[in-house]
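Shown next, in structure tokens, is the structure this report addresses.
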Amino acid sequence: MNKFLKLLNFELNRFKKIYIVLILLTVVIQITGVIYKTLNYMNDVNDTMRETSINASEYVSQNGTMDFKTILNTSWFFFSVALCAAVLVIYLFFIWYREWFGKNTFIYRLLMLPTSRVNIYLSKALTIFLLVLGLIGIQLILLPIENFIFKAIIPTEFRIDLKLADAIRLSDYLHILIPGSFLTFLIFYGLGFLAVTILFTGILFERSFRLKGIIMGGVYCILSVIVFFAPLLIETFFMPNFLYPIERFFIEIIMGIVVLIGSISMSVYLLKNKVTV
Numbered sequence: 001m002n003k004f005l006k007l008l009n010f011e012l013n014r015f016k017k018i019y020i021v022l023i024l025l026t027v028v029i030q031i032t033g034v035i036y037k038t039l040n041y042m043n044d045v046n047d048t049m050r051e052t053s054i055n056a057s058e059y060v061s062q063n064g065t066m067d068f069k070t071i072l073n074t075s076w077f078f079f080s081v082a083l084c085a086a087v088l089v090i091y092l093f094f095i096w097y098r099e100w101f102g103k104n105t106f107i108y109r110l111l112m113l114p115t116s117r118v119n120i121y122l123s124k125a126l127t128i129f130l131l132v133l134g135l136i137g138i139q140l141i142l143l144p145i146e147n148f149i150f151k152a153i154i155p156t157e158f159r160i161d162l163k164l165a166d167a168i169r170l171s172d173y174l175h176i177l178i179p180g181s182f183l184t185f186l187i188f189y190g191l192g193f194l195a196v197t198i199l200f201t202g203i204l205f206e207r208s209f210r211l212k213g214i215i216m217g218g219v220y221c222i223l224s225v226i227v228f229f230a231p232l233l234i235e236t237f238f239m240p241n242f243l244y245p246i247e248r249f250f251i252e253i254i255m256g257i258v259v260l261i262g263s264i265s266m267s268v269y270l271l272k273n274k275v276t277v
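Numbering (UniProt numbering), first residue to last: 1 to 277.
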């Protein structure tokens, strides 16, 4: 366990500088977006009221009010989330390929470490997972601050106060990143971790067999998806409505565990026997 934690800490430290920059960009983009959108809204309100000589209640009856959900659905928030997602997807591949490229081939030293190869694999997979959870945590810290700024700029008569949970639930995409229940959270992020292990296995196929490995890795990823969804596909095409929802749910959990164990086992096998330096 101690060796695994050292590997995990090592992997996290390698991404630390980029991660800090990513967090700072997220904070700056989102808070700038909140301030810009709210000030722009109030400027429109004041201009309209001045030009048409109406009061606040008349403006609201004609144009409606603003709520925090509207802020969450702006391009400012979407861009910050998309930026983080894109960087992490790129790093999902880079976390392996960096070991082969550069001035020194680090994969040789990595594979020679006196630790199980499964520790190398899991430390990289868990690194990606923890980086994602870290960004979600930052978002959860930011939302109350942004909501406070929103309320500080827009007077009560021009806004609808939503609970943060409701604003997230009604947003276009944050309800996926921040699910409303713990069970949904486990399902979404469990599927995300499963996807990471499948892609890692595909990468290791490519690293093991080079050109042929690209095809083998692609086939493996496709087969993994088919195996995972096999019960649903069989029921849809051959036995419609054969299973109860709860049965379907538990069968998919079992299939997910099967694919997860298969991906980890295959990856460790490739690391032990096939990966070339």
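We put the CB at the ideal spot given by N, CA and C, even for glycine.
- The stretch 222-232 makes no contact with the stretch 146-160: fewer than 3 CB pairs, one atom from each, lie closer than 8 Å.
- Listed in chain order, the beta strand (DSSP E) runs fully inside the stretch 58-86 amount to none, counting runs of at least 3 residues.
- For residue 254, the enclosing alpha helix (DSSP H) begins and ends at 245-273.
- In the same chain as residue 266, and ignoring 5 residues on each side of it, the C-beta atoms closer than 6 Å to its own belong to 201, in chain order.
- Contact between the stretch 46-62 and the stretch 108-116 is absent: fewer than 3 CB-CB pairs across the two stretches fall below 8 Å.
- If you compare the alpha carbons of 22, 217, 254 with that of residue 230, the shortest gap goes to 254.
- Per DSSP, the beta-bridge partners of residue 160 are 67.
- Between residue 65 and residue 158, the gap from beta carbon to beta carbon is short of 8 Å.
- Residue 48 and residue 34 have their C-alpha atoms roughly 21 Å apart.
- The shortest CA-to-CA distance from residue 76 to any of 119, 42, 26 is the one to 26.
- A direct Cα-to-Cα measurement between residue 135 and residue 30 gives close to 13 Å.
- Between residue 143 and residue 164, the CB-CB gap stays under 8 Å.
- Around the beta carbon of residue 128, a 10 Å sphere encloses 16 or more other beta carbons of the protein chains shown; the residue is thus reported as buried.
- About 6 Å separates the Cβ atoms of residue 72 and residue 167, confirming a contact at the 8 Å cut-off.
- Around the beta-carbon of residue 38, 16 or more other beta-carbon atoms lie within 10 Å, marking it buried.
- As the crow flies, the alpha-carbon of residue 198 is around 21 Å from that of residue 250.
- Under the 10 Å beta carbon count, residue 51 is surrounded by fewer than 16 other beta carbons and is classified as exposed.
- In this structure, the straight-line span from the alpha carbon of residue 238 to that of residue 232 is close to 10 Å.
- Residue 89 and residue 28 have their C-alpha atoms some 22 Å from each other.
- By the neighbour-count criterion, in which 16 or more other beta carbons inside 10 Å mark a residue as buried, residue 234 falls on the exposed side.
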